[in-house]
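The structure under discussion appears below in the form of structure tokens.
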Amino acid sequence: MKPRKADLHTLREPGTYPNVEDKAALRLARAIHASESTSWVTSWSAQERAEAYFNEHGLYDTLGECERLEALRLPDAEN
Numbered sequence: 012m013k014p015r016k017a018d019l020h021t022l023r024e025p026g027t028y029p030n031v032e033d034k035a036a037l038r039l040a041r042a043i044h045a046s047e048s049t050s051w052v053t054s055w056s057a058q059e060r061a062e063a064y065f066n067e068h069g070l071y072d073t074l075g076e077c078e079r080l081e082a083l084r085l086p087d088a089e090n
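Residue 12 is where the sequence shown starts when you use the numbering used here, and the numbers rise one by one after that.
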């Protein structure tokens, strides 16, 4: 079975919904951003890095990275 990939660009299209892969990448993007910034808006850069990380490492490693980065969350992060 071919591994599925996250594609956050498709979420901008009307009527699209995130699948498991997209949700994992979005969670990682929020974790990346919260470990780097206190802004409540998740940066596009964090989304790009999260999508690339998911597509290279897969779901299991992405969820592990989420846990690691969520522990590093800045105290004032609002996202």
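Ideal Cβ placement from N, Cα and C applies to all residues, glycine included.
_Using 8 Å for Cβ pairs, my map puts G69 next to P29. What's the rounded Cβ distance?_
Numbered from 1 along the sequence shown, position 58 holds the residue referred to as residue 69. Numbered from 1 along the sequence shown, position 18 holds the residue referred to as residue 29. Their Cβ separation, rounded to whole angstroms, is 17 Å, which puts G69 and P29 out of contact at 8 Å.
*Helix or strand or just coil, what does DSSP make of Y64?*
Numbered from its first residue, the sequence shown carries residue 64 at position 53. Residue state, collapsed to three classes: helix.
*asked:* Against chain B, with Cβ distances strictly below 7 Å, would A45 count as a contact?
replied: In the displayed structure, chain B is absent; only one protein chain is listed.
_Taking 7 Å as the limit between beta carbons, can you name the residues of its chain near A45, skipping five residues before and five after?_
Position 34 of the sequence shown, counting from 1, holds the residue named residue 45. Cβ neighbours of A45 beyond the five flanking positions: R84, L85, A88 and N90.
*asked:* Within 8 Å, do at least three Cβ pairs link the region 45-54 to the region 15-24?
replied: Using a Cβ-Cβ distance cut-off of 8 Å, the region 15-24 and the region 45-54 are not in contact, since fewer than three pairs of beta carbons, one from each stretch, lie closer than that value.
*As assigned by DSSP and simplified to three states, the class of K13*: Taking the first residue of the sequence shown as 1, we reach residue 13 at position 2. Assigned with DSSP and collapsed to three states, K13 falls in coil, not helix or strand.
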